[in-house]
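Visitor: Chains as they are written, first to last, in full-length UniProt numbering: chain R, 1 to 169; chain S, 1 to 169; chain Z, 1 to 169; chain F, 1 to 169.
Backbone N, C-alpha and C define an ideal beta-carbon position, used for all residues, glycine too.
4 protein chains.
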Amino acid sequence: MLRIFTTGGTFDKVYFDANSEFQIGDSEIPEMLREANVTFDIAVESVLRKDSLELTDEDRQILYERVAKVPETRVLITHGTDTMVQTAQLLLADERAKLGGKTIVITGAMQPSRMRRSDAMFNLGFAVAAVQVLQAGVYLAMNGRLFDPREARKNVQAHRFEAISRKPG
Amino acid sequence: MLRIFTTGGTFDKVYFDANSEFQIGDSEIPEMLREANVTFDIAVESVLRKDSLELTDEDRQILYERVAKVPETRVLITHGTDTMVQTAQLLLADERAKLGGKTIVITGAMQPSRMRRSDAMFNLGFAVAAVQVLQAGVYLAMNGRLFDPREARKNVQAHRFEAISRKPG
Amino acid sequence: MLRIFTTGGTFDKVYFDANSEFQIGDSEIPEMLREANVTFDIAVESVLRKDSLELTDEDRQILYERVAKVPETRVLITHGTDTMVQTAQLLLADERAKLGGKTIVITGAMQPSRMRRSDAMFNLGFAVAAVQVLQAGVYLAMNGRLFDPREARKNVQAHRFEAISRKPG
Amino acid sequence: MLRIFTTGGTFDKVYFDANSEFQIGDSEIPEMLREANVTFDIAVESVLRKDSLELTDEDRQILYERVAKVPETRVLITHGTDTMVQTAQLLLADERAKLGGKTIVITGAMQPSRMRRSDAMFNLGFAVAAVQVLQAGVYLAMNGRLFDPREARKNVQAHRFEAISRKPG
Numbered sequence: 001m002l003r004i005f006t007t008g009g010t011f012d013k014v015y016f017d018a019n020s021e022f023q024i025g026d027s028e029i030p031e032m033l034r035e036a037n038v039t040f041d042i043a044v045e046s047v048l049r050k051d052s053l054e055l056t057d058e059d060r061q062i063l064y065e066r067v068a069k070v071p072e073t074r075v076l077i078t079h080g081t082d083t084m085v086q087t088a089q090l091l092l093a094d095e096r097a098k099l100g101g102k103t104i105v106i107t108g109a110m111q112p113s114r115m116r117r118s119d120a121m122f123n124l125g126f127a128v129a130a131v132q133v134l135q136a137g138v139y140l141a142m143n144g145r146l147f148d149p150r151e152a153r154k155n156v157q158a159h160r161f162e163a164i165s166r167k168p169g
Numbered sequence: 001m002l003r004i005f006t007t008g009g010t011f012d013k014v015y016f017d018a019n020s021e022f023q024i025g026d027s028e029i030p031e032m033l034r035e036a037n038v039t040f041d042i043a044v045e046s047v048l049r050k051d052s053l054e055l056t057d058e059d060r061q062i063l064y065e066r067v068a069k070v071p072e073t074r075v076l077i078t079h080g081t082d083t084m085v086q087t088a089q090l091l092l093a094d095e096r097a098k099l100g101g102k103t104i105v106i107t108g109a110m111q112p113s114r115m116r117r118s119d120a121m122f123n124l125g126f127a128v129a130a131v132q133v134l135q136a137g138v139y140l141a142m143n144g145r146l147f148d149p150r151e152a153r154k155n156v157q158a159h160r161f162e163a164i165s166r167k168p169g
Numbered sequence: 001m002l003r004i005f006t007t008g009g010t011f012d013k014v015y016f017d018a019n020s021e022f023q024i025g026d027s028e029i030p031e032m033l034r035e036a037n038v039t040f041d042i043a044v045e046s047v048l049r050k051d052s053l054e055l056t057d058e059d060r061q062i063l064y065e066r067v068a069k070v071p072e073t074r075v076l077i078t079h080g081t082d083t084m085v086q087t088a089q090l091l092l093a094d095e096r097a098k099l100g101g102k103t104i105v106i107t108g109a110m111q112p113s114r115m116r117r118s119d120a121m122f123n124l125g126f127a128v129a130a131v132q133v134l135q136a137g138v139y140l141a142m143n144g145r146l147f148d149p150r151e152a153r154k155n156v157q158a159h160r161f162e163a164i165s166r167k168p169g
Numbered sequence: 001m002l003r004i005f006t007t008g009g010t011f012d013k014v015y016f017d018a019n020s021e022f023q024i025g026d027s028e029i030p031e032m033l034r035e036a037n038v039t040f041d042i043a044v045e046s047v048l049r050k051d052s053l054e055l056t057d058e059d060r061q062i063l064y065e066r067v068a069k070v071p072e073t074r075v076l077i078t079h080g081t082d083t084m085v086q087t088a089q090l091l092l093a094d095e096r097a098k099l100g101g102k103t104i105v106i107t108g109a110m111q112p113s114r115m116r117r118s119d120a121m122f123n124l125g126f127a128v129a130a131v132q133v134l135q136a137g138v139y140l141a142m143n144g145r146l147f148d149p150r151e152a153r154k155n156v157q158a159h160r161f162e163a164i165s166r167k168p169g
């Protein structure tokens, strides 16, 4: 079984007319997996429900604990793009050896999945493949590419992720 | 650069009012890759334009030759689901050693990509990840899973692909 | 209460993978009305389920009888575009005086309502307004316009309806 | 020719990833009219670009002047739903006799037009029909119904418009 954790972010944003705002709603992922005719068991669990800019260290600790605790070795996380790199780096950190044997893929969306045009469905498909095939490690999956979290950043102006050279230690 | 060959099939079906029929149209894939914010070069080429039930041996030979000829070692093929297994097996066959070093992923769609609900975008994302990560070989990518073409079939009644035991040689 | 009769046609076409064809499915109209947040009672009834090119005189007689029989004075009909004019003219014919006091609006779609891009939702909204406001008579509603069935034709090449001068009797 | 004025509101809201917010974008209406295969001339003009809760008296005066000034007698206005009634009542007010001979239909959307599920396309079709058929006056078009602005209100809890009894003068 594949485990998917959702943490909020654009992926699950919906528009609530009552207050004319765009907010985190129930995850669209189960519905998206049905639309994609996915035929194996995937457990989707909402761990956090925030814009990723609002995630605190405590929030990330909660996510880390959930990932460490589940029996599955393959875990997909949907996350807001603004601090996706930061969360991925935390999951990678040395002292967090408990995740060592797991394949963890983090993805997100630039446009909410409920919009007519959105990268969410493509990114979900991409991440579902990547998490099944990749060896243990923590990966970012965006823009049709896989990134090492230590060598990735979001280019906010260009609306995309890009690889950067890792600074020598 | 990733190479994508399209061969027709449901993926690219559109509805033409003029004759009230559903036919193969121009490939939607370049537009889908833009929607997905894919940021690396992908060359999309239309090799065949048929319902996969109408593909002939000559058609498959044309596809094989194109795949063998391109310099890229990673090739994604979109194909109608009805004879996707047959085409994949042909690409796998022993005498076709020319493909030996390539990673070839074949995907399709149960619902045309231009429909409001479709598995096409998920499958395209899935296949774009799989073709980048998998080692050399020929793979079917459908229903969120990867199949060995020698051990896969389309279950027409259930509208999904499933693994079957390979008959001993 | 507004009465809607569906007769098949592109409006309700869906893609069935099992046979790789596009066929008449269950009407999408109830779902479309929910999406449009329509708050008054609308009864949707499937009278015929055919491509409009296949409609026979008997089929049109069935439709006519249903329209004549219902107590509602305002009736919306969805219909394939290819013979929409013909059906409208039949409903208009002199001897069919039983429809005399009713407002009947006929609409259709060039692209199935389940496609990402379709004129179906616009046309449904257009027709729901027209049928509530217009005085008794039979009207075609397509391309954002209202047509007198005696002075309209489908321009198949141009994919649109247009007004024609009525031939003098 | 039909004249459409846009004023902002949910109809034209899009999601900008750069700041993770939902904001007024370029009007989707020209694209929607193309999708609907509308074949007559419609001039779309952006008069205001605000959430309707932020519209000031000055903004409404600007809109009023534009409506009064155009030569067309049939004018469609898209407007945020929260203060749609207020704007309509202003256009109706006695001293504003300059609008007397015009048919003015105001519509909006509960969900942005760019979302997969939205009432925007239905409402646009509904309003395009209503504005062509109705006699001079100011009308609200929402939820598949026409309202007199003096007897309508938005029921925020229920996400719909409803008729109210006009208070005796």
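Just to confirm my understanding: we take S/A120, look at its own chain, exclude 5 residues before and 5 after, and list those with CB closer than 6 Å. What are they?
Guide: Closer than 6 Å at Cβ, skipping near neighbours: F11, A109, S113.
Visitor: Provide the residue span of the alpha helix (DSSP H) that contains Z/V44, from first to last.
Guide: From DSSP, Z/V44 is part of no alpha helix (DSSP H) but of the beta strand (DSSP E) over 42-50.
Visitor: Could you confirm whether any beta carbon from chain R is found closer than 7 Å to the beta carbon of S/R160?
Guide: yes
Visitor: Taking the runs of the beta strand (DSSP E) that are 3 residues or longer, which of them lie wholly in the stretch 46-107 of chain F?
Guide: Runs found: 74-78, 103-107.
Visitor: What is the DSSP secondary structure of Z/V38, counted as helix, strand or coil?
Guide: coil
Visitor: Any C-beta of chain F within less than 8 Å: which residues of the stretch 111-141 of chain Z qualify?
Guide: Of all residues in the stretch 111-141 of chain Z, the ones placed with a Cβ closer than 8 Å to any Cβ belonging to chain F are R117, S118, D119, M121, F122, N123, L124, G125, F126, A127, V128, A129, A130, Q132, V133, L134, A141, in chain order.
Visitor: Give a yes or no on whether the C-beta atoms belonging to S/N37 and R/N37 are separated by under 7 Å.
Guide: No.
Visitor: Tell me whether F/D26 is buried or exposed, calling it buried when 16 or more other Cβ atoms sit within 10 Å of its Cβ.
Guide: When all chains shown are included, F/D26 counts as exposed.
Visitor: Specify the secondary structure class of R/A152 as computed by DSSP and reduced to three states.
Guide: strand
Visitor: Excluding the 5 residues flanking F/H79 on each side, which residues of the same chain have their C-beta closer than 7 Å to its C-beta?
Guide: T7, G9, S52, T87, I106, G108
Visitor: Give every residue of the same chain whose Cβ lies closer than 6 Å to the Cβ of S/L48, excluding the five residues on either side of it in the sequence, and list them in chain order.
Guide: T7, G8, D59
Visitor: Within 10 angstroms of its Cβ, does S/P71 collect 16 or more other Cβ (buried), or is it exposed?
Guide: The residue in question, S/P71, is exposed, as its Cβ has fewer than 16 Cβ neighbours within 10 Å.
Visitor: Can you say whether F/Q111 is buried or exposed, counting buried as having 16 or more other CB atoms within 10 angstroms of its CB?
Guide: buried
Visitor: Buried or exposed, going by whether 16 or more other CB atoms sit within 10 Å of the CB of F/F161?
Guide: F/F161 counts as buried, since at least 16 other C-beta atoms from the protein chains shown sit within 10 angstroms of its C-beta.
Visitor: Where do the ends of the beta strand (DSSP E) carrying F/F16 lie?
Guide: 13-16
Visitor: At what residues does the alpha helix (DSSP H) containing F/G125 begin and finish?
Guide: 120-133
Visitor: Rounded to a whole number of angstroms, what is the C-alpha to C-alpha distance between R/D82 and Z/K50?
Guide: 51 Å
Visitor: Is there a Cβ from chain F that is less than 7 Å from the Cβ of R/Y64?
Guide: So no, R/Y64 is outside the interface.
Visitor: Is F/L99 closer than 7 Å to F/A130 when the C-beta atoms are compared?
Guide: No, these two residues do not count as a Cβ contact at 7 Å.
Visitor: By DSSP's criteria, Z/A163 is part of a beta bridge. Which residues make up the other side?
Guide: Z/A152
Visitor: Any C-beta of chain S sitting closer than 7 Å to the C-beta of R/T107?
Guide: no
Visitor: What's the gap between the Cα of S/D57 and the Cα of S/F122?
Guide: 29 Å
Visitor: Got a sec: is the Cβ-Cβ distance from F/D17 to anything in chain R below 7 Å?
Guide: yes
Visitor: Quick one, which of Z/D148, Z/E35, Z/V156 has its alpha-carbon nearest Z/S165's?
Guide: Nearest C-alpha to Z/S165: Z/D148.
Visitor: Tell me, which residues are paired with residue 182 of chain F by DSSP?
Guide: No answer is possible for residue 182 of chain F: it lies beyond the span of chain F, which begins at 1 and ends at 169.
Visitor: Which residue from Z/V85, Z/Q61, Z/F16, Z/E31 puts its Cα closest to that of Z/L124?
Guide: For the residues Z/V85, Z/Q61, Z/F16, Z/E31, the minimum Cα distance to Z/L124 belongs to Z/E31.
Visitor: Note down the Cα distance separating Z/L76 from R/L140, rounded to an integer number of angstroms.
Guide: Those two C-alpha atoms are separated by around 52 Å.
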